[in-house]
Amino acid sequence: MPELAEVEYYRRVWDAGLRQPVTRVHIHAGKRVTRGVDALAVVNALTGAKLLGSEAHAKQMLFRFSGNAWLGLHLGMTGKLSVAPPDFQPDRHDHLVLFQKKQALVFRDPRMFGRVRFHEGKTPEWWTDLPPAIAAPEFTAALVRDFLNRRAKLTVKAAILMQERFPGVGNWMADEILWQARISPKRLCGTLKPAEVTAVWKRTKSVCAEALATVGVDFSDPPKGWLFHTRWSSKGKCPRCGASLKTAQVGGRTTRWCGKCQR
DNA sequence: GGAGATGTTTCAAG
DNA sequence: GCTTGAAACATCTC
Numbered sequence: 021m022p023e024l025a026e027v028e029y030y031r032r033v034w035d036a037g038l039r040q041p042v043t044r045v046h047i048h049a050g051k052r053v054t055r056g057v058d059a060l061a062v063v064n065a066l067t068g069a070k071l072l073g074s075e076a077h078a079k080q081m082l083f084r085f086s087g088n089a090w091l092g093l094h095l096g097m098t099g100k101l102s103v104a105p106p107d108f109q110p111d112r113h114d115h116l117v118l119f120q121k122k123q124a125l126v127f128r129d130p131r132m133f134g135r136v137r138f139h140e141g142k143t144p145e146w147w148t149d150l151p152p153a154i155a156a157p158e159f160t161a162a163l164v165r166d167f168l169n170r171r172a173k174l175t176v177k178a179a180i181l182m183q184e185r186f187p188g189v190g191n192w193m194a195d196e197i198l199w200q201a202r203i204s205p206k207r208l209c210g211t212l213k214p215a216e217v218t219a220v221w222k223r224t225k226s227v228c229a230e231a232l233a234t235v236g237v238d239f240s241d242p243p244k245g246w247l248f249h250t251r252w253s254s255k256g257k258c259p260r261c262g263a264s265l266k267t268a269q270v271g272g273r274t275t276r277w278c279g280k281c282q283r
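Residue numbers (our numbering): 21 to 283.
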């Protein structure tokens, strides 16, 4: 379920390997997840290198190794990071495994919508070029307003799924933001009143912050009363008014919302 | 067996 | 050149 908060959680899972050298690298070359990656270069650079630190930004992760080696991971739809015993036997979905003395760091992604990146030298461009994080002061109301204004004929749901402006927001968070803001996901951005645009901005920030504080820390559930708890069930009800949730494809994704309190 | 899945990328049309 | 929507990607689960 990798959206911003889950990504942050998975990043920390690999902290188990901090400050320890990699003794062996297992990588699947020639797969969709490793496209554009020189597998031999990864093996050569990371074997013997120490994991020095990591960061998460939106749905992306960056792992820094000694020798100026950088590993980027995106979890796609079904990616996961885990820690396994040092004698772990990777199967066909375990596309990258970093073996260390005490454990193995495993990146698994059956559906392969995720991505492995690799770079040697200074901080890679694909990391420094990312848009401002939602938690950053640069993610301003004006930025959101201008973005939505320029997409007058796009549904607001589709707009807040766009990573170039709402980095890290995925399908369930988008539904949560709109439900909390009481705005129908089908509304076109051009019809939003200034107060509604502000609500989108505010709720984006708060939903991200609270998800990071719960899911992001220990995979615990987000706060009580959120749409999150009912949106997965086909019989789900609105936590606010009790009406049955509506379901439709909006912005190309399954969307659930309350037809009564979201206008 | 079929449909759908918490995500991008690409392509074509407007 | 920009915006928008749909298809494609690969595999598993319900």
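Here a beta-carbon is modelled for each residue, glycine too, at the ideal position from N, C-alpha and C.
Of all C-beta pairs linking the region 87-105 to the region 128-140, three or more are shorter than 8 Å, placing the two stretches in contact. Annotation for Val117: the continuous beta strand (DSSP E) segment containing it runs 114-119. Unbroken beta strand (DSSP E) runs of no fewer than 3 residues, entirely contained in the region 113-195, are found at 114-119, 124-128, 135-140, following chain order. Excluding its 5 nearest sequence neighbours in each direction, Arg52 has C-beta neighbours in its own chain below 7 Å: Met132, listed in chain order. Looking only at Gln40, Val63, Ala36, the smallest Cα-Cα distance to Ala49 is reached by Val63. Distance between Ser264 and Leu93, taken at the CA atoms: about 38 Å. Selection Met81, Ser86, Trp252 evaluated against Leu72 yields Ser86 as nearest (Cα-Cα). The C-beta of Gly236 has 16 or more other C-beta atoms within 10 Å across all chains shown, which makes the residue buried. For Val45, the secondary structure class from DSSP, reduced to helix, strand or coil, is strand.
DSSP, read as helix, strand or coil, puts Gly56 in coil. Of all C-beta pairs linking the region 159-167 to the region 137-146, fewer than three are shorter than 8 Å, placing the two stretches out of contact. Counting along the chain, Ala78 sits inside no beta strand (DSSP E), nor does DSSP assign it H or E at all. Around the beta-carbon of Cys261, fewer than 16 other beta-carbon atoms lie within 10 Å, marking it exposed. In the structure shown, Ser204 adopts coil according to DSSP, grouped into three states.
Between the region 269-279 and the region 199-212, the count of Cβ pairs shorter than 8 Å is three or higher; the stretches touch. Taken through DSSP and simplified to helix, strand or coil, Gly236 comes out as helix.
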